[in-house]
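S.K.: Shown below is the structure under consideration.
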Amino acid sequence: MTDAASYLFYQSRNPRPFLDYGEGIYLFDEDGKRYIDGSSGAMVSNIGHSTPRVLAKIKAQMDKATFGYRLHFRTHPSEDLAAKTVAMTPDGLDRVFFVSGGSEAVESAVKLARQYALTQGQPNRHRVISRFPSYHGCTLGALDLTGYDPLRAPFAPMMEGMPKIDAPATYLDRDNLTEEQRGLKYAELLRDRILEEGPENVLTFVMEPVGGASTGALVAPDSYYGRIREICDEYGVLLIYDEVMTGAGRTGKFLAAEHWGITPDIVAMSKGFGAGYAPLGAIIAGARIVEPVLDSGGFQHGFTYAGNPLACSAGLAVLEEMEDQGLIENAAKMGEVLMAELRALMDRYPFIGDVRGKGLLTAFEFVSDLSTMEPLDPALNAYERLVELAYARGLIIYSRRTRGGTAGDHFLLAPPLIITEAQI
Ligand code: PLP
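Our numbering numbers the first residue of the sequence shown as 526 and each following residue consecutively.
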């Protein structure tokens with residue numbers, strides 16, 4: 526007899542148990558075992574699982590209409606969610622375009638930038654600079670911006686090969702610079718690259734304001750953010766923040782950009798925006814970008830499911846829940862508690878080389894030598910083993926092989942924003 530599982534495939538074979546139900550920060554398998562969802566799945570379940578008020582609002586929409594194509598009808602959920610999103614977002618970002626996921630959001634942001642450049646009479650602008658390491662998605666366009674070789678390698682001949690600059694891996698950088706100087710040093714890499722490409726050819730710079738799966742919650746020195754904005758402005762390069770992971774309150778602000786008072790030209794969001802209640806994402810941009818594109822004949826881009834009323838009703842309910850429960854403030858507060866606990870572990874275990882993050886997007890990594898930050902020997906499989914040990918004990922944590930693609934080099938801890946101090 527063929528096991529039903531053999532009909533389905535993802536990246537690899539799936540040894541995990543069947544999920545039964547979720548409740549708050551917990552997930553339960555069909556044997557009744559409870560797991561703390563310590564990474565909110567893939568940094569998705571920001572408001573926790575099965576929140577009754579959210580389910581009721583989705584159900585109410587479900588009873589009316591689950592789909593009405595946007596070219597045939599306006600819908601209240603989509604317009605209300607756009608309005609709510611703008612209200613929660615800093616000034617200057619006031620147009621919203623819906624998608625169903627993070628890769629879609631990143632590609633939409635880049636394509637909007639491209640059409641905007643055309644309206645400005647700048648048809649040469651097409652190069653998209655991003656960082657290494659980085660993760661921006663798995664579709665071919667988003668993958669071309671992704672700085673992660675194992676994912677890129679099989680598809681390299683099918684992509685243009687967009688330029689990359691080094692992300693500010695400050696904890697590895699052993700020069701004698703101050704934090705401020707180091708931030709500026711890494712930001713200036715962008716200027717060098719723009720000049721190398723020819724400023725007239727550069728369309729956008731795309732960055733994760735706080736690293737996710739790529740750099741493990743890496744936060745750049747404060748000086749980095751402002752200087753990047755200045756350099757983009759100087760050369761007329763649009764700044765795209767990929768807030769697919771950091772947006773929707775994860776870092777203790779609605780957008781991570783708010784920590785540095787930066788207004789990107791376009792923001793990509795997903796993950797916590799639908800919070801696992803619906804596949805949902807968005808780009809948010811200023812009217813000064815969007816209106817010329819609409820005036821020039823429209824945005825030549827759109828996905829069938831974009832803006833569907835069911836997903837948007839879920840998104841709206843999620844944002845309302847965040848606001849009503851003060852979850853963004855809780856993320857900031859609980860983030861400090863979690864970071865303090867992780868730092869305390871550093872004192873106990875000398876192989877924890879770094880603890881970092883912002884709000885409830887936190888990470889720690891193992892080293893074999895604290896003085897050089899030399900990673901643990903990949904052959905030890907330490908990351909995989911700890912993930913499995915934790916899983917066996919009912920704690921889900923997230924690890925990804927990134928540094929050079931040969932070794933897992935950090936764990937991400939990113940529980941739902943509803944978490945309490947006692948649960949941490
Ligand atoms: N951008 C960032 C920063 C991400 O973390 C991810 C997913 O991990 C993506 C884009 C891609 O999102 P999705 O997997 O929903 O396509």
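Yeah, the Cβ is synthetic: ideal placement off N, Cα and C, and Gly gets one too. Quantities reported herein were computed from a predicted structural model and do not represent experimental measurements.
Is Ser-565 near ligand 1 - that is, is its Cβ less than 7 Å away from at least one heavy atom of it?
M.R.: no
S.K.: Comparing C-alpha positions only, which one of Glu-759, Gln-536, Pro-940 sits nearest to Gly-884?
M.R.: Considering only alpha carbons, the answer is Pro-940.
S.K.: Give the secondary structure of Leu-743 by DSSP, where H, G and I count as helix, E and B as strand, and everything else as coil.
M.R.: coil
S.K.: Considering only residues of the same chain and omitting the five flanking positions on each side of His-597, which have a CB-CB separation below 7 Å?
M.R.: none
S.K.: Would you list the one or two residues that DSSP bridges to His-574?
M.R.: Gly-549
S.K.: First and last residue of the beta strand (DSSP E) that includes Arg-868?
M.R.: According to the DSSP assignment, Arg-868 belongs to no beta strand (DSSP E) but to the alpha helix (DSSP H) extending over 852-873.
S.K.: Under 7 Å from any heavy atom of ligand 1, does the C-beta of Ser-924 make it?
M.R.: In this structure, the C-beta of Ser-924 stays at least 7 Å away from each heavy atom of ligand 1.
S.K.: Excluding five sequence neighbours on each side, which residues of the same chain lie with their C-beta closer than 8 Å to the C-beta of Asp-691?
M.R.: Arg-656, Phe-657, Tyr-711, Leu-714
S.K.: May I ask which residues mark the beginning and end of the beta strand (DSSP E) holding Val-792?
M.R.: 791-794
S.K.: Using only CA atoms, which one of Thr-664, Asp-698, Leu-702 lies nearest to Met-684?
M.R.: Thr-664
S.K.: What does the alpha-carbon distance come out to for the pair Ile-561 and Leu-901?
M.R.: So the two alpha carbons sit approximately 27 Å from each other.
S.K.: Measure the CB-CB distance between Met-587 and Arg-775 and report whether it falls below 8 Å.
M.R.: no
S.K.: Are there any heavy atoms of ligand 1 lying less than 7 Å away from the beta-carbon of Met-794, as far as the coordinates show?
M.R.: no
S.K.: If we count the other Cβ atoms within 10 Å of its Cβ and call it buried at 16 or more, is Asn-571 buried or exposed?
M.R.: Buried: at least 16 other Cβ atoms inside 10 Å.
S.K.: Compare the C-alpha of Phe-592 against each of Leu-937, Gly-646, Ala-836, Asp-872 and name the closest.
M.R.: Across the set Leu-937, Gly-646, Ala-836, Asp-872, the C-alpha of Ala-836 shows the shortest separation from the C-alpha of Phe-592.
S.K.: Roughly how many angstroms lie between the CA atoms of Lys-558 and Val-631, to the nearest whole one?
M.R.: 37 Å
S.K.: From the DSSP output, which residues share a beta bridge with Ser-655?
M.R.: Lys-689
S.K.: Nearest CA to the CA of Glu-846: which residue from Glu-555, Asp-528, His-574?
M.R.: When each option's Cα is compared against that of Glu-846, the closest is His-574.
S.K.: Beta carbon of Pro-724, beta carbon of Tyr-760: below 8 Å?
M.R.: yes
S.K.: How about Cys-757: is its Cβ closer than 7 Å to a heavy atom in ligand 1?
M.R.: no
S.K.: Counting C-beta neighbours from all protein chains within 10 Å, is the total for Asp-934 16 or more, i.e. buried, or is it exposed?
M.R.: buried
S.K.: For the beta strand (DSSP E) containing Thr-644, list its first residue and its last residue.
M.R.: Element bounds for Thr-644: not the beta strand (DSSP E) but the alpha helix (DSSP H), 627-644.
S.K.: Counting only the same chain and skipping the five closest in sequence on each side, list residues whose C-beta sits under 6 Å from that of Asp-619.
M.R.: Val-611, Ala-812
S.K.: For Leu-637, collect the residues of the same chain with a Cβ closer than 8 Å to its Cβ; drop the 5 residues on either side in sequence, then sort them by chain order.
M.R.: Phe-622, Ile-791, Ile-808, Ala-810, Ile-814, Val-815, Val-818, Phe-824, His-826
S.K.: Between which two residues does the alpha helix (DSSP H) holding Ala-939 run?
M.R.: Per DSSP, Ala-939 belongs to no alpha helix (DSSP H) and is neither H nor E.
S.K.: DSSP state of Pro-900, grouped into three classes?
M.R.: strand
S.K.: Could you give the residue range of the beta strand (DSSP E) that holds Val-762?
M.R.: Run containing Val-762: none; DSSP gives neither H nor E here.
S.K.: Would you kindly check if the distance between the Cβ of Glu-722 and the Cβ of Pro-513 is under 8 Å?
M.R.: The question about residue 513 has no answer, for the chain in this structure spans 526 to 949.
S.K.: Between Pro-875 and the rest of its own chain, which residues show a CB-CB distance below 8 Å, the 5 nearest in sequence each way excluded?
M.R.: Leu-895
S.K.: Less than 8 Å between the beta carbons of Lys-778 and Gly-627, yes or no?
M.R.: Taking 8 Å as the Cβ cut-off, Lys-778 and Gly-627 do not qualify as a contacting pair.
S.K.: Distance, Cα to Cα, Pro-804 vs Glu-783?
M.R.: 25 Å
S.K.: Are the beta-carbon atoms belonging to Leu-841 and Pro-577 less than 8 Å from one another?
M.R.: Inclusion of Leu-841 and Pro-577 in the CB contact set at 8 Å is not warranted, their separation being larger than that value.
S.K.: What are the boundary residues of the beta strand (DSSP E) that Thr-887 is part of?
M.R.: 886-894
S.K.: Quick check: what's the CA-CA separation for Tyr-641 versus Asn-649?
M.R.: 12 Å
S.K.: Leu-867 to Ile-922, Cα distance in whole Å?
M.R.: In this structure, the straight-line span from the alpha carbon of Leu-867 to that of Ile-922 is close to 14 Å.
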